[in-house]
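> Dropping a structure here in structure tokens format, bear with me for questions.
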Amino acid sequence: MLQFLSKLAPRSPWIYRINAGSCNGCDVEMATTALIPRYDVERLGCKYCGSPRHADVVLISGPLTLRVRDKVLRVYNEIPHPKVTVAVGVCPVSGGCFRDGYSVGADIDHYIPLDVIVPGCPPRPQAIMEGVLKAVEVWRARLEEGICSHS
Amino acid sequence: MTDILEAAFAILIFPGGLFALALGLFLKGTDRKVLARLQRRVGPPLYQPVLDIIKLMTKETLIPSTANEVAFRLAPVLGLTGVLVTAAVMPIGGVWSGVNGLGDLLILLYLLPIPAMGLMLAGGASSSPYGALGFSREMCLMFAYEMPLIASFLAVAVRVGGATGSLLSLPAIMDYQFQHGPLLFDPVMLPAALALILFIPGTMGSGLFDIPEAEPEVIEGPLLEYSGPLLAVFHLMSVVKLVVVLELAVALLCPNPLVAGGGAGVLANLAWHICKCLVLLMVSVTCFRAATGRLRLDQGFSFFVKYTSPLALVSLGLAFMLR
């Protein structure tokens, strides 16, 4: 029964976006997947939700700037387990074109475990959707292995 | 003893409970699919609401440290219980004539606001400013949309009571329509029917009236702090509430069965009833939601006070004069 449920549960990934100091380019592309009929994410069962407590898949964009670091971590901790993290754009992994900036600290994966990385500056909407699908695979694998205990 | 068993059956299995949940999830899925097609999207599969519920059941429950935990846990359960009892009272034309002595418009007036009360309790208990905003919005809007509801209830009661002598009983209203034709096609009741149809998006918070749970404004208001199974209970509450308000409008406006008699006729009547609910859903929720944006709270309030209530009052006045 539980195995059956763990097969079904990842078919309803609700997405939450965190902007960790992004230039808004990636956010526009994410909005594209949400709003434009051609890239309808709802057909995958996705829903962009406003509250971190409803989320399953987290899309993080932008280099982690010093100013928002603590707030991003706080919001990330408010997302209930099991959760999967997707880094959108090159900024979360390397800092992108902001990497030597005065306001950019360490990369996001020093603080938050990244599961899927969608590179690009910005990535195309198709790439973001593929990233979400890969995140769903990661989620499903975790549910089957039972790694994501509620601890 | 049999009374208790009968009531338990009505609340837990049919027409409340399992039946109402299944019908509600189906209606919700249809709503999302048709909305997507109207926007030229592919849309989620029809069973997506079921998947959402299953997913939420596997998630962790987080409770804010500043929240009142008892009220926080109680609110969704209270709301779901309330709507299930309401669904059990709803009669279905040609299938189910309601629990004896319970099918009464006055009782409905008390039962219908319970889901809204659950949301208000949730918003208040969650200790979040957005929850509090959602609480106050829900309450303001409730005062506005209860007015046309009461007025159209009274209009129906006077119209039926003038003919049969029993004022507020739902079975009497159904019987009246079986004999005299649906109230929807009664010219005197047409304004009240319109008011009742506008009440549905108001209480469901769709289209113009997506005010208490406005996602871009108050981040789903009272539901903001909920996660996991508790959120799933709130979603179930909202789908059963959808069934309840649609069935209420069908019972008051057009409960006539397709065929008379029992056996296979009951199934045909049930299918007919579900078709009527679907049509009403398309008109008053889906197309309404696709065609309109959100109003401000004061605009939503004055919409019901200025335009919807007078419609129902016109019917009430006419029904009084023609009594």
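Protein chains in written order, with my numbering: chain H, 1 to 151; chain S, 1001 to 1323.
Even glycine gets a Cβ: it sits at the ideal position worked out from N, Cα and C.
Using only the alpha-carbon positions, how far apart do cysteine 148/H and glutamate 78/H sit?
Unreliable placement is indicated for cysteine 148/H, whose pLDDT of 48 sits below 50; the coordinate value is still reported in the next sentence. Distance between the alpha carbons of cysteine 148/H and glutamate 78/H is about 16 Å.
> When you compare only the Cα positions, how much space is there between proline 1076/S and methionine 1237/S?
Those two C-alpha atoms are separated by around 8 Å.
> Does any CB atom of chain H fall closer than 8 Å to the CB of lysine 1059/S?
Cβ-Cβ to chain H under 8 Å: yes for lysine 1059/S.
> Please list, in chain order, the residues of the stretch 1032-1055 of chain S that have any C-beta partner in chain H closer than 7 Å.
Going along the stretch 1032-1055 of chain S in chain order, one finds Ala1036, Gln1039, Arg1040, Arg1041, Val1042, Gly1043, Pro1044, Gln1048, Leu1051, Asp1052, Ile1054, Lys1055 with a Cβ nearer than 7 Å to chain H.
> Alpha carbon to alpha carbon, how far is alanine 1007/S from isoleucine 60/H? Give it in angstroms, no decimals.
Cα-Cα distance, rounded: 51 Å.
> Roughly how many whole angstroms lie between the Cα atoms of leucine 1051/S and glutamate 1069/S?
Roughly 27 Å separates the two Cα atoms.
> At a Cβ cut of 8 Å, what residues of the stretch 105-135 of chain H count as close to chain S, listed as they run along the chain?
Hits within the stretch: zero.
> When DSSP labels each residue in this structure, what does tyrosine 39/H get in the three-state scheme?
Helix.
> Roughly how many whole angstroms lie between the Cα atoms of cysteine 1277/S and threonine 1086/S?
Between cysteine 1277/S and threonine 1086/S, the C-alpha separation is close to 16 Å.
> Between the stretch 1227-1243 of chain S and chain C, which residues of the former have a C-beta closer than 9 Å to a C-beta of the latter?
Absent from the structure: chain C. Protein chains present are H and S.
> Indicate whether the contact test is met: 3 or more Cβ pairs, each with one atom in the stretch 1268-1283 of chain S and one in the stretch 1142-1155 of chain S, closer than 8 Å.
No, because fewer than three Cβ pairs between the stretch 1268-1283 of chain S and the stretch 1142-1155 of chain S fall closer than 8 Å, the two stretches do not touch.
> With C-beta atoms as the reference, is valine 1266/S less than 8 Å away from methionine 1204/S?
No, they are not a contact pair.
> Under a Cβ-count criterion, where at least 16 other Cβ atoms within 10 Å of its own Cβ denotes burial, should threonine 1293/S be classed as buried or exposed?
In the sequence as displayed, the identity of residue 1293/S is glycine instead of threonine. Exposed, by the Cβ-count rule.
> Listed in chain order, which residues of the stretch 29-40 of chain H have Cβ atoms closer than 7 Å to some Cβ of chain S?
For the stretch 29-40 of chain H, which is checked against every Cβ of chain S, the residues closer than 7 Å are Pro37, Asp40.
> Rounded to whole angstroms, what is the Cα-Cα separation between leucine 1313/S and lysine 1241/S?
The alpha-carbon atoms of leucine 1313/S and lysine 1241/S are separated by roughly 25 Å.
> Check each residue of the stretch 1196-1226 of chain S: if its Cβ is closer than 8 Å to any Cβ of chain H, include it; give the result in chain order.
Flagged, chain order: Glu1215, Pro1216, Ile1219, Glu1220, Leu1223, Leu1224, Glu1225, Tyr1226.
> Do you know whose CA, among Ala1144/S, Val1239/S, Pro1216/S, lies nearest phenylalanine 1304/S's CA?
Phenylalanine 1304/S has its Cα closest to that of Ala1144/S, out of Ala1144/S, Val1239/S, Pro1216/S.
> Of the residues Leu1046/S, Ile1197/S, Gly1016/S, which one's Cα is nearest the Cα of leucine 1311/S?
Ranking the options by Cα distance to leucine 1311/S, first place goes to Ile1197/S.
> So for isoleucine 112/H, helix, strand or coil by DSSP?
Isoleucine 112/H: coil per DSSP, three-state reduction.
> In chain S, which residues lie less than 7 Å from leucine 5/H when you measure between Cβ atoms?
In chain order: Ile1054, Thr1058.
> Can you tell me where the beta strand (DSSP E) with arginine 17/H in it begins and where it stops?
Here the beta strand (DSSP E) through arginine 17/H covers 14-19.
> Tell me which residues share the same chain as asparagine 19/H and place their Cβ nearer than 7 Å to its Cβ, disregarding the 5 neighbours each side in the sequence.
Taken in chain order, the residues that qualify are Asp27, Ser61, Gly62.
> Which partner residues of aspartate 1104/S appear in the DSSP bridge assignment?
Answer is Ser1169/S.
> Which residues mark the beginning and the end of the alpha helix (DSSP H) in which isoleucine 1114/S is found?
1114-1125 is the span of the alpha helix (DSSP H), which, as asked, contains isoleucine 1114/S.
> What is the residue span of the alpha helix (DSSP H) that threonine 1086/S lies within?
That run of the alpha helix (DSSP H) goes 1069-1089.
> Give me, in chain order, the residues of the same chain whose beta-carbon lies closer than 6 Å to that of leucine 1258/S; leave out the 5 immediate sequence neighbours on both sides.
Taken in chain order, the residues that qualify are Ala1268, Asn1269, Trp1272.
> Pick from Trp14/H, Gly21/H, Arg11/H, Ala31/H: whose alpha carbon is nearest that of arginine 124/H?
Nearest of Trp14/H, Gly21/H, Arg11/H, Ala31/H to arginine 124/H, Cα basis: Ala31/H.
> Can you find a C-beta in chain S that's less than 8 Å from the C-beta of valine 59/H?
One detail in the question is off: residue 59/H reads as leucine in this sequence, not valine. Closer than 8 Å: no.
> Apply the 10 Å Cβ neighbour rule to isoleucine 112/H and answer buried if 16 or more other Cβ atoms are within range, or exposed otherwise.
It is buried - the Cβ of isoleucine 112/H has at least 16 other Cβ atoms within 10 Å.
> Would valine 1034/S and methionine 1282/S be called neighbours here (beta carbons separated by less than 8 Å)?
For valine 1034/S and methionine 1282/S, yes; Cβs fall inside 8 Å.
> Compute the Euclidean distance between the alpha carbons of valine 88/H and histidine 110/H, then round it to the nearest angstrom.
The straight-line gap from Cα to Cα measures roughly 16 Å.
> By alpha-carbon positions, which one of Asp115/H, Ala127/H, Ala106/H ends up nearest to arginine 69/H?
For arginine 69/H, the nearest C-alpha among the options comes from Ala106/H.
> From the DSSP output, in three-state form, read off leucine 1128/S for me.
At residue 1128/S the sequence reads serine, which differs from the leucine that was named. Three-state DSSP puts serine 1128/S in coil, outside helix and strand.
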